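**Student:**
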Amino acid sequence: MNASDRTLSGRIQKAPENFLDREGIRAVIAESKSGRRNFIRQAFAAAATGAAVPLAMAQSNPVPSEGGDPNILNLPEHAKALGQGVAAEGGYGKPSQYEVNVQRRQSPGLTQTTQASVSFAPLQSLFGTVTPSGLHFERHHQGWWDIDPSKHRFMINGLVKTPTVLTMDEIMRLPAVSRFHFIECGANTAVEWSNVAVPTVQYTHGMVSCSEFTGVPLITLLQLAGADLKKGKFVLAEGGDGSSMTRTIPMSLITSGEVLVAYGQNGEMLRPENGYPLRLVVPGVQGVSWVKYLRRVEVGDMPYAAKDEAIHYMDLMPNGQHRQYANIQECKSVVTTPSGGQVLLDKGFYNITGLAWSGRGKVKKVDVSVDGGRNWKQARLETPVLSKSLTRFNIDWVWNGKPGIIQSRATDDTGFVQPTYQQLRSVRDTRSIYHNNAIQSWLVQENGEVKNVQVS
Amino acid sequence: MYKCHKVILTAALVLTTVGAFAQSAAYPGIGRPATTKEVTAWDIDVRPDFKGLPPGSGSVSQGQDVWELQCAQCHGVFGESNEVFSPLVGGTTNEDIKNGRVANLTRRDFPGRTTMMKVATVSTLWDYINRAMPWTAPKSLKTDEVYAVTAYMLNLAYVIPDNFVLSDKNIAEVQKRMPNRNGMSTQHNLWPGKEFSGTAKPDTANVVCMKDCVPEIKVSSMLPDYARNAHGNLAEQNRTVGQQKGADTMQPERKSGVSVMSESLTAPPSVKPAAKTIDPALALLAKHNCNACHAQERKVVGPSFNDMAKKYPGKVDYLAGKIKSGGGGVWGPIPMPAQNAPDADIKTIASWLAAGGAK
Numbered sequence: 001m002n003a004s005d006r007t008l009s010g011r012i013q014k015a016p017e018n019f020l021d022r023e024g025i026r027a028v029i030a031e032s033k034s035g036r037r038n039f040i041r042q043a044f045a046a047a048a049t050g051a052a053v054p055l056a057m058a059q060s061n062p063v064p065s066e067g068g069d070p071n072i073l074n075l076p077e078h079a080k081a082l083g084q085g086v087a088a089e090g091g092y093g094k095p096s097q098y099e100v101n102v103q104r105r106q107s108p109g110l111t112q113t114t115q116a117s118v119s120f121a122p123l124q125s126l127f128g129t130v131t132p133s134g135l136h137f138e139r140h141h142q143g144w145w146d147i148d149p150s151k152h153r154f155m156i157n158g159l160v161k162t163p164t165v166l167t168m169d170e171i172m173r174l175p176a177v178s179r180f181h182f183i184e185c186g187a188n189t190a191v192e193w194s195n196v197a198v199p200t201v202q203y204t205h206g207m208v209s210c211s212e213f214t215g216v217p218l219i220t221l222l223q224l225a226g227a228d229l230k231k232g233k234f235v236l237a238e239g240g241d242g243s244s245m246t247r248t249i250p251m252s253l254i255t256s257g258e259v260l261v262a263y264g265q266n267g268e269m270l271r272p273e274n275g276y277p278l279r280l281v282v283p284g285v286q287g288v289s290w291v292k293y294l295r296r297v298e299v300g301d302m303p304y305a306a307k308d309e310a311i312h313y314m315d316l317m318p319n320g321q322h323r324q325y326a327n328i329q330e331c332k333s334v335v336t337t338p339s340g341g342q343v344l345l346d347k348g349f350y351n352i353t354g355l356a357w358s359g360r361g362k363v364k365k366v367d368v369s370v371d372g373g374r375n376w377k378q379a380r381l382e383t384p385v386l387s388k389s390l391t392r393f394n395i396d397w398v399w400n401g402k403p404g405i406i407q408s409r410a411t412d413d414t415g416f417v418q419p420t421y422q423q424l425r426s427v428r429d430t431r432s433i434y435h436n437n438a439i440q441s442w443l444v445q446e447n448g449e450v451k452n453v454q455v456s
Numbered sequence: 001m002y003k004c005h006k007v008i009l010t011a012a013l014v015l016t017t018v019g020a021f022a023q024s025a026a027y028p029g030i031g032r033p034a035t036t037k038e039v040t041a042w043d044i045d046v047r048p049d050f051k052g053l054p055p056g057s058g059s060v061s062q063g064q065d066v067w068e069l070q071c072a073q074c075h076g077v078f079g080e081s082n083e084v085f086s087p088l089v090g091g092t093t094n095e096d097i098k099n100g101r102v103a104n105l106t107r108r109d110f111p112g113r114t115t116m117m118k119v120a121t122v123s124t125l126w127d128y129i130n131r132a133m134p135w136t137a138p139k140s141l142k143t144d145e146v147y148a149v150t151a152y153m154l155n156l157a158y159v160i161p162d163n164f165v166l167s168d169k170n171i172a173e174v175q176k177r178m179p180n181r182n183g184m185s186t187q188h189n190l191w192p193g194k195e196f197s198g199t200a201k202p203d204t205a206n207v208v209c210m211k212d213c214v215p216e217i218k219v220s221s222m223l224p225d226y227a228r229n230a231h232g233n234l235a236e237q238n239r240t241v242g243q244q245k246g247a248d249t250m251q252p253e254r255k256s257g258v259s260v261m262s263e264s265l266t267a268p269p270s271v272k273p274a275a276k277t278i279d280p281a282l283a284l285l286a287k288h289n290c291n292a293c294h295a296q297e298r299k300v301v302g303p304s305f306n307d308m309a310k311k312y313p314g315k316v317d318y319l320a321g322k323i324k325s326g327g328g329g330v331w332g333p334i335p336m337p338a339q340n341a342p343d344a345d346i347k348t349i350a351s352w353l354a355a356g357g358a359k
């Protein structure tokens, strides 16, 4: 079976534009350039005011002229021959060959190096709430390492009775917990503060992922070392790699039991790109605090103003001050399908789906609009809805072939409602880089193509 | 009764182990005390109150020497380079040093934010350089060199004079001249605790409106047409099965307004899953971080790959030698440092360059 057979086996797609000659292509481009923006405004205004037109619904999967689908009429090879054996691909299974488009990607031009860079998770292609470990977003400051766990050590010092050293073997003997949590880079959606900058949800929101993490509550380890929990109001977490990431964590969050020293991710060990063999898990807090290759925690009585909290990861406000120690990822959501760069192949029923999360707790409610925020309907939340974890929402939608603007708006269990761009910008302007949790808009055009847009 | 018995038993256990390692009572056999030597080796952080700062000193001019060898490749001779990382120095004034607030941070039209514009605490600079610099060889500087490099940076921003010797004795005085020392605020509600005097209220207050919420909706921003393919072919970035496909951005956009269903149902071109073969040299450029200083078509810190390929066609050995041992004076004032990569990798890269360096 070759590639062209494959595409035929799915839904029938529309003719591409490549029947146009060079001149024709130029003409189409010129036309779309000159008139497109007006078209969008006019067409959308019309759609919003006009009454719904009854649809003569076309079948997306019509009966071919020969009286039946060859994929049904002619039994395929896999129904008539012997398949492959166990462990055929070696001892670790891989995704189907047809899934190669589902990959994490760098955003072209975003960074000059691959070691101080980001790769974005393909949110447009994911289901449910768990990010497959190999598709988890990456953020490295000085490259990643695959560290020999038998040589990795974890140290606790500072305001403790006994500065203590543990091996990985010892950490893994301690009572463990497993919890689902999202991790979001503070700079997720950063490029969109002023205007639309990237085409797809992978690049706008792909610095969020969610895993089941397994590890030991940090408080257990601090108690083991005899930490002074009264004087020790702050804990410095430090990585063992080149950048030796350091971040200040409040003791109050640690004593709540939420902060984990984790070695497990989705049933296996952490991936090297995600901190193998040990990382901090700080639920609700931006990813930079989830220190990878964790080698040390220090208990102290004041914050540390580390490089990534006193030079980077600070939010510039309009008055020229930086918000320092701004760590919580506030309530946010995004529709992942349909989303920018996708094409609706025909009118009819669709399941609008997306992700919502809050660094303060559970998602209580997600509303979806298909008319740019004028009217909203409450979406269904998939269960379980977990605290500081991704929550999947779905809502039914029948596309009538007219332009529409799809948005989602999440509310968390503190009552906080995800803001609009106008609301965010009126307080923070557009230069703060971090913590952009604005409502995202996707324009569905009449030709079926979905575009990343911002609305006013 | 049983409970009581257990308590006594636990207490007895604690008593017997107290001498060896008291805090492991709950988890006997787990962990051991760290030795002083071990703690010294790892506990390198320096706090804003300079706790953790090792004694030592370095002058501005010593710092300049270290800088030229170790830092200038990425950051520029005067910390001004914007090619690999954001510039370190610039944008601060003597007035800022007086006020402790960088005035340019209030300007929307100011083009960038340098490290010296942002940082409030000189301890952070020292700690940053000490733990993470140089970027490709972190923790390789001696303590006095860290003082010297910190001094050179501070001097470039006019925080300290040319003849200054920075040390653990006078660094607290230098802190009082940091241009943005009063530029930080914890007056927000994004810290996950009550340790700071932050606010409890979020700074935005959207409400849940369900009907007729906005009178008029306008698209205020979208990507221009010429950026259609800037992120590659989006058809190859979406699953080929499902309710949506990716847009084929190698083609101009389908004419707007054409009803989707009225088009002829012709078989499409296959969306081939990308299985590109990548030149092994390109992977090595990334692996050894050559891309930090060199780009394909334009000069970054060093010359472009295209320029090098053009200048040295066929000269594999010459190029390999330059990569391995470094060099200077051929392409500009900033020398190429010797590269600590395996010979086989260097040969692959040199051969690729000598053969034209095609991407």
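Protein chains in written order, with the numbering used here: chain A, 1 to 456; chain B, 1 to 359.
We treat Cβ as the ideally placed atom computed from N, Cα and C, and that holds for glycine.
Remember, predicted model here, so these are calculated numbers, not experimental data.
Kindly provide the ranges of any beta strand (DSSP E) runs that are 3 or more residues long and lie completely inside the segment 376 to 411 of chain A, ordered along the chain.
**Tutor:** 391 to 399, all fully within the segment 376 to 411 of chain A.
**Student:** Do you know how far the Cα of Ile171(A) is from the Cα of Asp43(B)?
**Tutor:** Taking the straight line joining both Cα atoms gives about 20 Å.
**Student:** Please state whether DSSP places Tyr350(A) in a helix, a strand or coil.
**Tutor:** Looking at Tyr350(A) - three-state DSSP - the assignment turns out to be strand.
**Student:** If you measure beta-carbon to beta-carbon, which residues of the segment 187 to 203 of chain B are closer than 9 Å to chain A?
**Tutor:** Within the segment 187 to 203 of chain B, the residues whose Cβ lies closer than 9 Å to some Cβ of chain A are Gln187, His188, Asn189, Leu190, Trp191, Pro192, Gly193, Lys194, Glu195, Phe196, Gly198, Pro202 and Asp203, listed in chain order.
**Student:** At a CB-CB cut-off below 7 Å, which residues of chain B make contact with Gln115(A)?
**Tutor:** Under the 7 Å cutoff, chain B gives Asn289.
**Student:** In its own chain, which residues sit with a C-beta less than 6 Å from the C-beta of Gly356(B), not counting the 5 before and 5 after it?
**Tutor:** Contacts found: Ala309.
**Student:** Give every residue of the same chain whose Cβ lies closer than 8 Å to the Cβ of Val146(B), excluding the five residues on either side of it in the sequence, and list them in chain order.
**Tutor:** Around Val146(B): Gly56, Gly58, Trp126, Ile129 and Asn130.
**Student:** Please go through the same chain and pick out, in chain order, the residues whose beta-carbon is closer than 8 Å to the beta-carbon of Gln237(B), but skip the five residues on each side of it.
**Tutor:** Contacts found: His231 and Gly246.
**Student:** Should Gln378(A) be labelled buried (16 or more other beta-carbon atoms within 10 Å of its own) or exposed?
**Tutor:** Flag for Gln378(A) reads exposed.
**Student:** Report back the beta-carbon spacing between Ala356(A) and Val297(A) to the nearest angstrom; my notes put them in contact at under 8 Å.
**Tutor:** That belief does not hold up - the Cβ atoms of Ala356(A) and Val297(A) are roughly 31 Å apart, past 8 Å.
**Student:** Find the residues of chain A that neighbour Gln244(B), judging by a C-beta separation of less than 7 Å, and give them in chain order.
**Tutor:** Chain A residues near Gln244(B): Thr337, Pro338, Gln342, Val343 and Leu344.
**Student:** Are the C-beta atoms of Tyr152(B) and some chain A residue less than 8 Å apart?
**Tutor:** No - not a single Cβ of chain A is within 8 Å of the one on Tyr152(B).
**Student:** Could you give the distance in angstroms between the alpha-carbon of Ser351(B) and the alpha-carbon of Lys315(B)?
**Tutor:** The alpha-carbon atoms of Ser351(B) and Lys315(B) are separated by roughly 8 Å.
**Student:** Please report the residue range of the alpha helix (DSSP H) in which Asp367(A) lies.
**Tutor:** Where Asp367(A) is concerned, there is no enclosing alpha helix (DSSP H), although the beta strand (DSSP E) it sits in stretches over Val363 to Ser369.
**Student:** Within the same chain, show all residues whose beta-carbon is closer than 8 Å to that of Gly363(B), passing over the 5 residues directly before and after it, in chain order.
**Tutor:** This structure does not reach residue 363(B), given that chain B is present from 1 up to 359, and the question cannot be answered.
**Student:** Can you pull the chain A residues whose beta carbon is under 9 Å from the beta carbon of Pro48(B), in chain order?
**Tutor:** Simply Met302, Pro303, Tyr304, Ala305 and Ala310.
**Student:** Which value, in whole angstroms, describes the spacing of the CA atoms of Ala137(B) and Cys293(B)?
**Tutor:** Rounded to whole angstroms, Ala137(B) to Cys293(B) spans 15 Å at the Cα level.
**Student:** Just to make sure I have the definition right: I need the residues of chain B whose C-beta is within less than 8 Å of the C-beta of Pro326(A). Which are they?
**Tutor:** Note that residue 326(A) corresponds to Ala in the displayed sequence, not to Pro. In chain order: His188, Leu190 and Trp191.
**Student:** Going by the CB atoms, is the gap between Ala88(A) and Arg104(A) shorter than 8 Å?
**Tutor:** Going by C-beta atoms, Arg104(A) is not nearer than 8 Å to Ala88(A).
**Student:** With H, G and I counted as helix, E and B as strand and the rest as coil, what does DSSP make of Asn94(B)?
**Tutor:** If DSSP states are grouped into helix, strand and coil, Asn94(B) belongs with the helices.
**Student:** Using only alpha-carbon positions, find the residue among Glu83(B), Leu156(B) and Met117(B) that is nearest to Arg181(B).
**Tutor:** Of the candidates Glu83(B), Leu156(B) and Met117(B), the one whose C-alpha sits nearest the C-alpha of Arg181(B) is Met117(B).
**Student:** Using beta-carbon positions only, say whether Leu253(A) and Leu278(A) come within less than 8 Å of one another.
**Tutor:** No, they are not a contact pair.
**Student:** Give me the Cα-Cα distance between Asp315(A) and Arg108(B), rounded to the nearest whole angstrom.
**Tutor:** If you take the alpha carbons of Asp315(A) and Arg108(B), they lie about 14 Å apart.
**Student:** So Asn319(A) and Thr106(B) are supposed to be a Cβ contact under 8 Å. How far apart are they, rounded?
**Tutor:** So it is a contact: roughly 6 Å between Cβ atoms.
**Student:** Can you check which of these residues, Gly242(A), Tyr304(A), Asp228(A) and Pro108(A), is closest to Leu159(A) by C-alpha distance?
**Tutor:** Checked all of Gly242(A), Tyr304(A), Asp228(A) and Pro108(A); the closest Cα to Leu159(A) is Asp228(A).
**Student:** Report yes if the CB atom of His322(A) is closer than 8 Å to the CB atom of Met184(B), and no otherwise.
**Tutor:** In contact: His322(A) and Met184(B) (Cβ atoms closer than 8 Å).
**Student:** For Thr129(A) and Ser441(A), what's the separation of their Cα atoms in angstroms?
**Tutor:** For Thr129(A) and Ser441(A), the distance between alpha carbons rounds to 21 Å.
**Student:** Here's the rule I'm using: 16 or more other beta-carbon atoms within 10 Å means buried, otherwise exposed. How should Ile160(B) be labelled?
**Tutor:** The residue is buried, with at least 16 neighbouring Cβ atoms inside 10 Å.
**Student:** What are the residues of the segment 111 to 125 of chain B that lie near chain A, defined by any Cβ-Cβ distance shorter than 9 Å?
**Tutor:** Those would be Arg113, Thr115, Lys118, Val119, Ala120, Thr121, Ser123, Thr124 and Leu125, in chain order.
**Student:** Could you tell me the distance, in whole angstroms, from the CA atom of Ala151(B) to the CA atom of Lys142(B)?
**Tutor:** Looking at the two C-alpha atoms, the distance is approximately 14 Å.
**Student:** Does the structure place the segment 198 to 206 of chain A close enough to the segment 238 to 249 of chain A that three or more beta carbon pairs sit under 8 Å?
**Tutor:** No, the segment 238 to 249 of chain A is not in contact with the segment 198 to 206 of chain A.
**Student:** Val343(A) and Gln244(B) look like a contact to me (Cβ under 8 Å); what is the Cβ gap, rounded to whole Å?
**Tutor:** With 8 Å as the limit, Val343(A) and Gln244(B) qualify as a contact, their Cβ atoms being about 6 Å apart.
**Student:** Below 8 Å on C-beta distance, what does Arg296(A) contact in chain B?
**Tutor:** Here the neighbours are Trp42 and Asp43.
**Student:** Given that Lys405(A) touches chain B, what residues does it touch there, using C-beta distances under 9 Å?
**Tutor:** Contrary to the premise, residue 405(A) reads as Ile rather than Lys in this sequence. Going along chain B in sequence order, the residues near Ile405(A) (Cβ under 9 Å) are Ile217 and Val219.
**Student:** Below 7 Å on C-beta distance, what does Glu361(B) contact in chain A?
**Tutor:** With chain B represented from 1 up to 359, any question about residue 361(B) goes unanswered, as that position is not in the structure.
**Student:** Does Ile30(B) come within less than 8 Å of chain A when only Cβ atoms are used?
**Tutor:** Yes, Ile30(B) counts as interfacial toward chain A.
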